[in-house]
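**Q** Here it is: the structure, laid out below.
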Amino acid sequence: MDKKDLRRKMALEAASKDKKRLVFAVGGLVLCIAVLFMLNKKAQEAENQTNDQIDKTATEYTERLPDLNHEVLSKVKDATEADQVILEPDAFQHLSTNTMIVIGSWYRVLGGTFDFTKGLEEAPEMRGQLFRLRGELIDARPLTRLEGEEPEYWCHIRTDDGDDFFYVSIIMPTELFTNDNFVLADGYFFKHYRQKLEGEWQTAPLFVGRKLTPSWRRTDPVSEPDMAMLANLKDHPIGTHNKLGLLNELPEMWHLANVAKTIGSNPELLAETIKDPIVLNYDTLKELSENPALNRGRIYKFGGQIVRDSASVVRVGENPLREEKISSAWVRNEYNGDVLVHVKAPGEFDFTKYGQQPTVFHGYFLMLWAYLDTEDVPRRTPVFVVTDSFTEEPYTPPFAGQMVLMFLGVAIGIGALLFWLVQKDRQTSELARQKMLDRRENRSGS
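Using my numbering, you'd call the opening residue of the sequence shown number 863 and step up by one each time.
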């Protein structure tokens, strides 16, 4: 084999290696695209599965509702003022009977928001549908329409938006309505009804429901704690045991939840709020336990690990934020001894987002909550309503930059040395190969 053939062979081998590298590169790229496609497809399937589950739940609830007698309901009329003063007895009795079966869970899933802008022409299609309404109880009176029957509770209610409606509670209330007489009124839409109130005729949608329940007036978003409101809060004396579920009923907790939700949803406002927090350590924890009232509503920064299996998201009742759920967890920091911190957040806050990694929180101090632990030891824990969380950044020493540059320089030096050695070895090999070829040619020539 002469020099030309040898060089041609080496060139072919190099081209073959380059072709293999290209094939592997293209194959790797295709594989990455396929993986991304599959991940996106699985995410879409999971989202569709969630939506299907929601639709399935709504369908199951709908199928379990008591049947509506549409023939009876079709006889209800409210197109004219003359029709509106009539209370059709059969249809009213039918809905009154049905509503005794329908409980709050049905309204939570199926209860729509009534559109007060719709006119009388849309009333027939809404008749017999479930609606969830809230408002201030303007007027209420028991009314016995037929002799021998239980009295009904006829109410005039005004929503947060100023819309009036009438509501008939089949069950008389047995509790006082606090929070400015604000109530939850779940019920069937019956008709547009006209009656005389305080000497004046008034027409409004009429709903028939099982009973009124206490609610809260909807609050607007706020970005600063109301210290006058928080001043009413009392910390628990140590040695008492209080169920943590009662936190979900405190107006002050929902107020701070409102602030935390507003702050947490606005990155600029959040950055401004947390730029100078109180860092919760052993000293500030001691100050907090000695003077909780002076620190109520202040923003803190604290870190730790979520106690295993302590994070939870539970459904809550009526609240001023109209939240269906609230999140809670316990945080442990070994530098604070055996004191645990209880954290809460409105809605579904993922306290387990970072697993068992050290996590940092910002939150507003609410109060000291007393309880007995699993060994009946009396304790008090600070309760915070959090705005945000993030993973703990590892500590970087001030000379870390110089160390990185030093190692980088050493790595470059080693790389340059290896490159020089490889090049020299290649030249030596090439020279040896050339000498070998020359010897072969000399032999063949002789």
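For each residue, glycine too, the CB sits at the ideal point set by N, CA and C.
Counting C-beta neighbours from all protein chains within 10 Å, is the total for Ile1000 16 or more, i.e. buried, or is it exposed?
**A** Classification of Ile1000: exposed, given that the 10 Å Cβ count is below 16.
**Q** Under the three-state reduction of DSSP, which class applies to Gly1019: helix, strand or coil?
**A** Per the sequence shown, the amino acid found at residue 1019 is Ile instead of Gly. If DSSP states are grouped into helix, strand and coil, Ile1019 belongs with the strands.
**Q** Closer than 8 Å is the cut-off here; do at least three beta carbon pairs connect the segment 1183–1191 with the segment 1091–1102?
**A** No, the segment 1183–1191 is not in contact with the segment 1091–1102.
**Q** Measuring CA to CA, which of Lys1105, Ala1093, Leu1118 is closest to Lys1206?
**A** Per the Cα distances, Leu1118.
**Q** Taking a contact to mean a Cβ-Cβ separation below 8 Å, would you say Ile1140 touches His1224 in this structure?
**A** Cβ atoms of Ile1140 and His1224: not closer than 8 Å.
**Q** Under the three-state reduction of DSSP, which class applies to Asp914: helix, strand or coil?
**A** Because the pLDDT at Asp914 is just 46, under 50, the model does not fix this residue reliably, and the value given afterwards should be weighed accordingly. Asp914 falls in the helix class under three-state DSSP.
**Q** Report back the beta-carbon spacing between Phe1227 and Asn1120 to the nearest angstrom; my notes put them in contact at under 8 Å.
**A** Contact flag wrong, Cβ pair sits at about 16 Å.
**Q** Compute the beta-carbon to beta-carbon distance between Phe976 and Phe993, rounded to the nearest angstrom, for a pair I have assumed lies under 8 Å.
**A** Rounded, the Cβ-Cβ distance is 5 Å, consistent with contact.
**Q** For Thr1220, which residues in the same chain have their Cβ closer than 8 Å to its Cβ, ignoring the five residues on either side in sequence?
**A** It is Pro, not Thr, that sits at residue 1220 in the sequence shown. Excluding positions up to five away in sequence, the list reads Gly1165, Gly1166, Gln1167, Thr1253, Glu1254.
**Q** Exposed or buried, what is Met1115 when buried is set at 16 or more other beta-carbons lying within 10 Å of its beta-carbon?
**A** When all chains shown are included, Met1115 counts as buried.
**Q** Please tell me whether Leu1147 and Val1222 are closer than 8 Å, where the distance is taken between their beta carbons.
**A** Contact: no.
**Q** Around the Cβ of Phe1069, are there at least 16 other Cβ atoms within 10 angstroms (buried) or fewer (exposed)?
**A** Buried, since its Cβ has 16 or more Cβ neighbours within 10 Å.
**Q** Give me the Cα-Cα distance between Thr1081 and Pro951, rounded to the nearest whole angstrom.
**A** Looking at the two C-alpha atoms, the distance is approximately 39 Å.
**Q** Please report the Cβ distance between Asp940 and Lys1053, rounded to the nearest whole angstrom; I am assuming they are in contact, meaning their Cβ atoms lie under 8 Å.
**A** Sure, about 4 Å apart at Cβ, within 8 Å.
**Q** Within the present structure, is the beta-carbon of Asp1082 separated from the nearest heavy atom of the ligand PLP by less than 7 Å?
**A** Among the ligands in the structure shown, none appear at all, so the ligand PLP cannot be discussed.
**Q** So, helix, strand or coil for Trp1116, using DSSP?
**A** In this structure, Trp1116 counts as helix in the three-state DSSP scheme.
**Q** Measure the beta-carbon distance from Leu1230 to Pro1244 and round it to whole angstroms, keeping in mind my assumption that it falls under 8 Å.
**A** Right, the Cβ-Cβ distance comes to about 6 Å (below 8 Å), so this counts as a contact.
**Q** The alpha helix (DSSP H) spanning Gln946 covers which residue range?
**A** Note, Gln946: alpha helix (DSSP H), 943–946.
**Q** What residues match up with Leu1156 in a beta bridge as DSSP calls it?
**A** DSSP, once it has assigned bridges, lists no residue as partnering Leu1156.
**Q** With H, G and I counted as helix, E and B as strand and the rest as coil, what does DSSP make of Ser1127?
**A** Of the three classes helix, strand and coil, the one that applies to Ser1127 here is coil, per DSSP.
**Q** Could you pull the DSSP bridge partners for Tyr1029 from this structure?
**A** In the DSSP output, where bridge partners are listed per residue, Tyr1029 has Cys1017, Phe1069.
**Q** What is the rounded straight-line gap between the Cα of Val825 and the Cα of Leu995?
**A** Absent from the structure is residue 825, since the part of the chain shown begins at 863 and ends at 1308.
**Q** Rounded to a whole number of angstroms, what is the C-alpha to C-alpha distance between Arg1170 and His1204?
**A** About 13 Å.
**Q** Taking the alpha carbon of Lys1058 as the reference point, which residue from Glu987, Ala1090, Cys1017 has its own alpha carbon closest?
**A** Lys1058 has its Cα closest to that of Cys1017, out of Glu987, Ala1090, Cys1017.
**Q** Please name the residue in Thr1214, Gly1217, Glu933, Lys980 whose C-alpha comes closest to that of Leu957.
**A** For the residues Thr1214, Gly1217, Glu933, Lys980, the minimum Cα distance to Leu957 belongs to Glu933.
**Q** Which of the three DSSP states is assigned to Pro1004 in this structure?
**A** Strand.
**Q** With the cut-off set at 8 Å, would you say Pro1083 and Phe1027 are in Cβ contact?
**A** It is not a contact, given that the beta carbons lie outside the stated cut-off.
**Q** Look at the Cβ atom of Ile1032, then the Cβ atom of Glu1009, and state whether they are nearer than 8 Å.
**A** No, these two residues do not count as a Cβ contact at 8 Å.
**Q** Does the distance from the C-beta atom of Met1091 to that of Phe1051 stay below 8 Å?
**A** Contact: no.
**Q** Roughly how many angstroms separate the alpha carbons of Val938 and Leu1005, rounded to a whole number?
**A** Whole-angstrom Cα-Cα distance: 21 Å.
**Q** Which residues does DSSP pair with Thr1135 in a beta bridge?
**A** DSSP output for Thr1135 lists no bridge partner at all.
**Q** Tell me whether Thr1214 sits in a helix, a strand or coil according to DSSP, three-state version.
**A** Three-state DSSP puts Thr1214 in coil, outside helix and strand.
**Q** To the nearest angstrom, report how far apart Gln991 and Asp1025 are at their CA atoms.
**A** The straight-line gap from Cα to Cα measures roughly 19 Å.
**Q** Distance, Cα to Cα, Gln946 vs Asn1043?
**A** Spanning the two alpha carbons is a distance of roughly 28 Å.
**Q** Taking only the alpha-carbon atoms, compute the straight-line gap between Asn931 and Gly1071 and give it to the nearest angstrom.
**A** Asn931 and Gly1071: Cα-Cα distance of roughly 17 Å.
**Q** Return the residue from the list Ala1093, Phe1039, Gln955, Tyr1197 that minimises the CA-CA distance to Tyr1180.
**A** First, the amino acid is wrong: residue 1180 is Glu here, not Tyr. Per the Cα distances, Phe1039.
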